[in-house]
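Residue numbers (the numbering used here): 4 to 320. Data first, discussion second: the structure below is written as structure tokens.
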């Protein structure tokens, strides 16, 4: 802003000090610092809960949104579409082989379009005992652009389809592109979801108060996440793996004082590339050794939300 430009506050009530204006608030939860909360333990007396959010996504060909390996081109953007499709055809299966070897169940975060495109992949995750988490119909669209009626229908339809196809209704939701409308948390509770992964504001589960009852926010990472780190910030795979290890070691130390949640967000078209998988293998082996030693609770987001609802239904106040 240049020196001669002035902000206009003509729309404000001049009777009150500008430094005491109330800012818009979501109304879902109050502020409480992590150092001033009640203490509890995870199952087995453990203090750190860890999970993988394994994002399985499908994108419309020649239309809509999508992460890009190279500069986006006019549709059909074959380069970027094909790169993302590598995850479903190859990368996801290599990741599952690694998870099987280490005995790591995951939270499989899935677009329902996968039931039409590659049902074998969803079936493989279900057969492993992975938790199935709803992630919209396709990552080619954002739900935050929908009106309330369309958004409610999307939430209900995705939940119904996963229940019909895989035999269990999902308890959790992650919005494609973490896109919400102001109504999203309320609609999630209204359509039967128990928790959301959309918010990255805490290292502990937070109980949200919606118009239709409680909704748990389970921590989902935007730092320990291959898309922002590897794609947006151009982090090398070996550095991303070391970041996972460093984050884990630090949170394990911090968890001596209070229970914490550490999620790792992965996309198979990124970490399923062989040279990246080699480094991810090192990071997950490090965490698996700590699990085998009884130092952590390896779990899923749904199990975290269920534990909180059963043992701490009013949150950590």
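Each residue gets a CB set at the ideal place from its N, CA and C atoms; glycine is no exception. These figures come from a predicted structure and were not determined experimentally.
- The continuous beta strand (DSSP E) containing residue 53 extends over residues 51-59.
- About 7 Å separates the beta carbons of residue 101 and residue 287, which is inside the 8 Å limit, making them a contact pair.
- Using a C-beta cut-off of 8 Å, the stretch 140-149 makes no contact with the stretch 272-291, since fewer than three inter-stretch Cβ pairs fall below that distance.
- Judged by their CB atoms, residue 158 and residue 176 are nearer to each other than the 8 Å cut-off.
- Excluding five sequence positions before and after residue 241, the CB atoms of its chain that fall closer than 7 Å to its own CB belong to 282, given in chain order.
- The beta carbon of residue 58 sits closer than 6 Å to the beta carbons of 112 and 270 from its chain, once the five residues preceding and following it are set aside; these are given in chain order.
- Per DSSP, reduced to three states, the secondary structure at residue 259 is coil, with no helix or strand assignment.
- Counted as a single uninterrupted DSSP element, the alpha helix (DSSP H) harbouring residue 294 occupies residues 277-295.
- Across the set 81, 191, 317 and 310, the C-alpha of 310 shows the shortest separation from the C-alpha of residue 47.
- Here residue 154 has 146, 184, 186, 187 and 190 as same chain residues with Cβ atoms under 8 Å from its own Cβ, once five neighbours each way along the sequence are excluded.
- The Cβ-Cβ distance between residue 52 and residue 213 does not fall below 8 Å.
- Look at residue 272 here: in three-state DSSP terms it is helix.
- Rounded to whole angstroms, the Cβ separation of residue 62 and residue 87 is 6 Å, and the two are in contact under 8 Å.
- For residue 79 and residue 149, the gap between their C-alpha atoms comes out near 24 Å.
- The continuous stretches of alpha helix (DSSP H) do not include residue 90, and DSSP gives it neither H nor E.
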